[in-house]
Every structure is written in C-alpha cells, then in structure tokens.
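**Q**
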Amino acid sequence: HFNPKVADVAAQYVEKVRINPGNYVYAARTFKHLEYTDEEYAQELQKIHDRFVPFLNICKENHTAIRIGVNHGSLSDLIMSRYGDTPEGMVESCMEFLRI
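If you're matching positions, the sequence shown starts at 2 in the working numbering and goes up one per residue.
Next comes the structure, spelled out in structure tokens:
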C-alpha cells in the first residue's frame, strides 16, 4: 500500500499486506536533490519508526503477514539522498523497515 491508513485497515481483514518503503511514510519521490545531515537522517528514520510500529501492532494482533516490496521506481527521497538509485539503496530501503 502507498497509503498507510489503508494498510492499517486492510491488515485487520486480510492475510497479508504489501507495503512499499519508498512511499509508505512519505508521498512519492519528489526527484529533488535533498541532503540530510546525520541528525536529520536519524530524525527521518524516527518518523518511519513512529508510523510503522502501529501498523506492526495491528498485524501482530490480527496475525497478518507483511510483504515489504522494494523497487527502483519508488525509492524515497531519503534513500535517494544517501544511496542514489542503486541496488544498495534498494536494500537499505527495505532494511530501514526490517530494523524496526
């Protein structure tokens, strides 16, 4: 889902929900060249954590599986700022969510 609120509702009723890390917390990529300090980057990771944990709790309560789907076309500005449009960026995009 590209809309976390829809994912929250769906997770209460279906067996599995797919999320895309590139647009789960943020709107689609803006294609702007953004630069983040380490502190700003950490703050953005906290936003991901704060949005993703409630979803994880819903999934846990309802025994809903989660599929994290990553693709080059929807890497977040956050990932693009640090890794670019690279295989490493795709892996890190998924890992941001798996670490939570």
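Note that beta-carbon positions come from the ideal geometry of N, C-alpha and C, so glycine has one too. Fair warning: this is a prediction, and the values are worked out from it, not measured in the lab.
For Val15, which of helix, strand or coil comes out of DSSP?
**A** coil
**Q** If we count the other Cβ atoms within 10 Å of its Cβ and call it buried at 16 or more, is Arg78 buried or exposed?
**A** Checking the sequence, you will find Asp at residue 78 rather than Arg. Asp78 comes out buried.
**Q** Quick check on the DSSP output: the beta strand (DSSP E) that includes Ile67 runs from which residue to which?
**A** Ala66 to Ile69
**Q** Can you confirm whether the segment 64-74 touches the segment 46-53 when touching is taken to mean that 3 or more C-beta pairs between the two stretches lie within less than 8 Å?
**A** In this structure the segment 46-53 does not lie against the segment 64-74, because fewer than three pairs of beta carbons, one per stretch, are closer than 8 Å.
**Q** Measuring alpha carbon to alpha carbon, tell me which of Ile67, Tyr37, Glu89 and Asn4 ends up nearest Leu76.
**A** Glu89
**Q** With DSSP collapsed to three states, give me the class of Ile20.
**A** strand
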